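I have placed the structure first, in the form of structure tokens, so that the comments after it can refer back to it.
Residue numbers (our numbering): 23 to 177.
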């Protein structure tokens with residue numbers, strides 16, 4: 023009987039192992055790059071959220087300053103109080119956060135500076151406020167002030 027020798031074109035075992043090794047390396051590099059991109063996106067997201075929160079606090083400070091005829095700061099309790107005939111609003115100022123009526127902005131603050139009629143004050147009446155945030159927040163500085171009407175200068 024005659025033997026029929028038909029060869030099927032195929033890859034050898036060593037060629038298949040080389041292909042599998044190269045595929046594993048490429049997939050490993052792809053996951054590493056994906057992980058780096060995800061970390062970068064998370065960093066951008068956190069920075070955006072923090073910046074948005076600081077912008078919100080700045081906007082609320084402007085609103086409260088203009089709606090309140092009396093603004094005082096108590097250094098002992100570290101509370102900034104905005105008093106108007108309709109309502110009283112308090113901010114708790116700490117080195118790690120700023121809180122307004124249960125709404126908290128967690129941000130490391132380097133310093134708070136309070137002004138009244140252009141002079142730095144440690145307690146009492148306030149007509150301007152400067153907040154310097156940590157270097158992690160690109161040394162962000164908020165400065166909010168209140169323009170006085172003629173009635174304040176006449177009394």
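Beta carbons are placed, not taken as given, at the ideal position from N, Cα and C, and that holds for glycine.
These numbers were taken from a predicted model, which means no experiment stands behind them.
From 78, 166, 112 and 146, pick the residue whose C-alpha is nearest to that of residue 97; which is it? 146
Looking at the structure shown, is residue 98 part of a helix, part of a strand, or coil, going by DSSP? coil
Name the DSSP beta bridge partners of residue 139, please? According to DSSP, residue 139 bridges with nothing at all.
Using DSSP with H/G/I as helix, E/B as strand and the rest coil, what is residue 108? coil
Quick test of your reading: residue 87 and residue 100, contact by CB under 8 Å. State the CB separation rounded to the nearest angstrom. Contact doesn't hold; Cβ gap of about 18 Å is too wide.
Could you check what DSSP says for residue 67 in three-state terms: helix, strand or coil? helix
How about residue 49: is its Cβ closer than 8 Å to a heavy atom in the ligand FAD? Looking at this structure, you won't find the ligand FAD or any other ligand, since it has none at all.
Inspect the beta-carbon positions of residue 127 and residue 112 and report whether they are closer than 9 Å. no
Per-residue DSSP class, three states only, for residue 33: coil
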